[in-house]
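Trainee: From first to last, the protein sequence lines stand for chains A and B.
According to the numbering used here, the first sequence holds residues 1 to 180 in order.
According to the numbering used here, the second sequence holds residues 1 to 180 in order.
All C-beta atoms in this analysis are idealised placements derived from N, C-alpha and C, irrespective of residue type, glycine included.
Could you have a look at this structure, given as C-alpha cells, before my questions?
2 protein chains.
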Amino acid sequence: MKTPYRILLIENDTAVAQAIRLALREIAELDILTDPAELHASPSFHSYDAALLDMNFQPDQRDGRAGLETIDRLRAADPSLAIVMLTVFGGVAIAVEAFKRGASDFLLKPWRNDRLVDALRAAAALTKRQRASAAMSLEEMERHAIERALARADGNISHAAAALGLTRPALYRRIEKHGL
Amino acid sequence: MKTPYRILLIENDTAVAQAIRLALREIAELDILTDPAELHASPSFHSYDAALLDMNFQPDQRDGRAGLETIDRLRAADPSLAIVMLTVFGGVAIAVEAFKRGASDFLLKPWRNDRLVDALRAAAALTKRQRASAAMSLEEMERHAIERALARADGNISHAAAALGLTRPALYRRIEKHGL
DNA sequence: GAACAGCTGTCCGATGCCGGACACCGTGAT
DNA sequence: ATCACGGTGTCCGGCATCGGACAGCTGTTC
C-alpha cells in the first residue's frame with residue numbers, strides 16, 4: 001500500500017465519522033473535526049491531501065448555509081485543498097452552490113464506499129496538481145506558458161512570440177534554453 | 001445599454017429557443033444551434049462571451065449523455081468559454097457530472113428570466129477573466145506570480161524569492177521593475 | 001552584552017540576454 | 001518570371017540582469 005492520504009474530515013455526527021474512518025481505513029488517515037468553528041485552530045492545512053465536508057445541516061436551517069460557509073473558510077485558508085462535499089439533503093440548488101464556491105465533488109448519503117474512495121483519490125490528485133502549479137518557479141511557469149503559447153499558435157513561432165510579448169529571437173532563445 | 005453579449009445557444013426545441021431569445025433580448029444576441037453535431041462547423045468560438053447549453057435529453061437516454069458530451073466538445077474547442085447548463089431533468093448526479101466536466105453554472109427549467117440573465121452575466125464575466133489570464137504576456141504573468149508569492153510569504157522577500165526560484169537581489173530588481 | 005541568526009537593502013564586475021538586421025525559403029498574385 | 005509576403009533560423013554589439021559580497025538592523029540565546 002502506498003503512503004495513505006491525509007484527509008481532514010468535518011463531521012459532527014461521531015457515528016458517521018467512525019463509519020467513514022472504517023470505509024477509508026485502507027487508503028487514508030483522517031483528522032476529524034466535529035465543529036467547523038475549530039477550523040482556524042488547525043494551522044497546517046498544507047499537510048492534508050483533501051477535505052471531506054459534511055453539509056452539517058443545523059436544526060434551524062435546511063439551506064445548507066453552514067456547509068457552504070465552511071467551504072468558504074476552508075478555501076480562504078488553503079485554496080489548493082480540494083473539498084469533497086457529503087450530504088443527506090441532495091437538492092440540486094445546494095450542489096450547484098457548493099461547486100460555485102469551489103467544492104470539487106459532491107456525494108450523497110448514504111454513500112457507496114467504493115465511490116467515496118474514488119472521489120477522495122480524485123480529490124487528492126487535484127490537490128496535488130493545484131499545489132504543484134501554485135509552487136512553480138518562474139522558470140517552470142515560463143516554460144509552461146511557452147509550451148501553451150506554441151500549442152495555441154500550432155507551431156507558428158512568430159505568433160507565439162507576439163502572444164507572449166516577446167520578440168521572435170527572444171522566443172528562440174527561450175525555447176532553446178528550456179529544451180523544447 | 002452596454003454592447004450586448006454574444007451567446008451561443010444550443011437548444012433543439014425552437015420554441016424554447018425563441019423564449020430564451022426573448023428573455024435575453026435586452027442583454028444578448030444569440031446564435032442558435034439546434035444540433036450539437038454542427039459544432040465543429042462553427043469556427044469562431046472566440047467571439048462568444050458564453051455558451052448556454054440545453055441538456056437535450058434524447059428519447060432513448062435519460063442520463064444526459066448527449067449534453068455532457070457537448071460540454072466536452074465545447075471545452076475542447078475553447079476551454080476559456082464559460083458554459084451554462086439548462087435542463088428539465090434536475091438530478092443531482094447530472095449536475096455534479098456537468099460541473100466536473102467544466103460547466104460553470106446549472107439552471108433548471110422552467111427558468112426565471114432574471115436568474116437566467118444573472119447567470120449569463122456571470123458566465124460572460126468568467127469567460128472574460130479566463131481569456132485575460134490565457135492571453136497574458138510573460139511580463140504580466142511574472143508580475144502576477146510575484147504578487148502571489150509575496151502575498152503567500154506575507155512580505156518576507158527572502159522566502160518569496162526562494163519560492164520563485166530567484167536569488168534575492170533578482171527579486172528586488174523585478175519588484176522594482178514592475179512597480180510593486 | 002556578545003554572539004548569533006535571519007532578515008533587509010545596495011553595490012559592482014562578469015555574464016548573458018536583448019532586438020534590429022540579414023539571408024533564406026516557399027507560396028500566391030501580378 | 002518576378003515581386004511581395006510571411007514565415008524561418010542566425011549573428012553581433014550594447015546594455016540589462018546576474019548573484020556574490022558587504023553593511024546594517026532586530027530579535028533571541030546563553
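List, in chain order, every chain B residue whose beta-carbon is nearer than 7 Å to that of phenylalanine 99 of chain A.
Mentor: Phe99
Trainee: Within the region 95-138 of chain B, note down every full beta strand (DSSP E) run reaching 3 residues or more, in order along the chain.
Mentor: 105-108
Trainee: Answer with buried or exposed for glutamate 26 of chain B, where buried requires no fewer than 16 other C-beta atoms within 10 angstroms of its C-beta.
Mentor: exposed
Trainee: So which of A:Leu108, A:Met85 and A:Ser44 has the shortest CA-CA distance to isoleucine 10 of chain A?
Mentor: A:Met85
Trainee: Is valine 96 of chain A close to chain B, meaning its C-beta is less than 8 Å from at least one C-beta of that chain?
Mentor: yes
Trainee: What is the DSSP secondary structure of tyrosine 48 of chain A, reduced to helix, strand or coil?
Mentor: coil
Trainee: Listing by chain order, which chain A residues have their CB less than 7 Å from the CB of serine 137 of chain B?
Mentor: Within chain A, the residues near serine 137 of chain B are Leu164 and Gly165.
Trainee: Along chain A, which residues have their Cβ under 7 Å away from the Cβ of methionine 141 of chain B?
Mentor: Met141 and Ala145
Trainee: Starting from the beta carbon of leucine 108 of chain A, find every residue of chain B whose beta carbon is closer than 7 Å, and list them in chain order.
Mentor: Val92
Trainee: Return helix, strand or coil for arginine 25 of chain B, following the three-state DSSP convention.
Mentor: Three-state result, arginine 25 of chain B: coil.
Trainee: Measure the alpha-carbon distance for arginine 129 of chain A versus alanine 19 of chain B and round it to whole angstroms.
Mentor: 42 Å
Trainee: For the pair the region 160-175 of chain A and the region 132-140 of chain B, tell me if three or more CB-CB distances fall below 8 Å.
Mentor: Using a C-beta cut-off of 8 Å, the region 160-175 of chain A makes contact with the region 132-140 of chain B, since at least three inter-stretch Cβ pairs fall below that distance.
Trainee: Taking threonine 87 of chain A as part of the beta strand (DSSP E), name the residues at either end of that continuous run.
Mentor: 83-87
Trainee: What does a CB cutoff of less than 7 Å around arginine 115 of chain A pick up in its chain, not counting 5 residues either side in sequence?
Mentor: Leu107
Trainee: Leaving aside the five residues before and after leucine 33 of chain B along the sequence, list all residues of the same chain whose C-beta is less than 6 Å from its C-beta, in chain order.
Mentor: Ile10
Trainee: How do the region 120-129 of chain A and the region 72-85 of chain A stand: do at least 3 beta-carbon pairs fall below 8 Å, yes or no?
Mentor: yes
Trainee: Among A:Asp49, A:Asp118 and A:Leu150, whose alpha-carbon lies nearest the alpha-carbon of alanine 132 of chain A?
Mentor: A:Asp49
Trainee: Kindly confirm or deny that the region 138-153 of chain B and the region 139-156 of chain A touch, where touching means at least three C-beta pairs closer than 8 Å.
Mentor: The region 139-156 of chain A and the region 138-153 of chain B touch, with three or more beta-carbon pairs separated by less than 8 Å.
Trainee: What does the alpha-carbon distance come out to for the pair tyrosine 172 of chain A and lysine 100 of chain A?
Mentor: 41 Å
Trainee: What number of angstroms, rounded off, separates the C-alpha of tryptophan 111 of chain B from the C-alpha of alanine 119 of chain B?
Mentor: 11 Å
Trainee: Going by alpha carbons, who is nearest to alanine 37 of chain B out of B:Ala95, B:Glu69 and B:Lys109?
Mentor: B:Glu69
Trainee: Terminal residues of the continuous beta strand (DSSP E) containing leucine 9 of chain B?
Mentor: 5-10
Trainee: Could you give the C-beta distance for glycine 102 of chain A and arginine 75 of chain A, rounded to a whole number, given that I count them as a contact under 8 Å?
Mentor: 5 Å
Trainee: Hey, would you say valine 92 of chain A sits closer than 8 Å to valine 92 of chain B, going by beta carbons?
Mentor: yes
Trainee: Assign aspartate 183 of chain A to buried or exposed, taking buried as 16 or more other Cβ atoms, counted over all protein chains shown, within 10 Å of its Cβ.
Mentor: For residue 183 of chain A there is no data in the structure shown, the boundaries of chain A being 1 and 180.
Trainee: Would you mind sorting serine 104 of chain B into buried or exposed? The rule is 16 or more other CB atoms within 10 Å of its CB.
Mentor: buried
Trainee: I'd like the span of the alpha helix (DSSP H) that includes glycine 64 of chain B, first residue to last.
Mentor: Counting along the chain, glycine 64 of chain B falls outside any alpha helix (DSSP H), and DSSP gives it neither H nor E.
Trainee: Hey, out of A:Ala28, A:Val96, A:Ala149 and A:Ala17, whose CA is closest to threonine 3 of chain A's CA?
Mentor: A:Ala28
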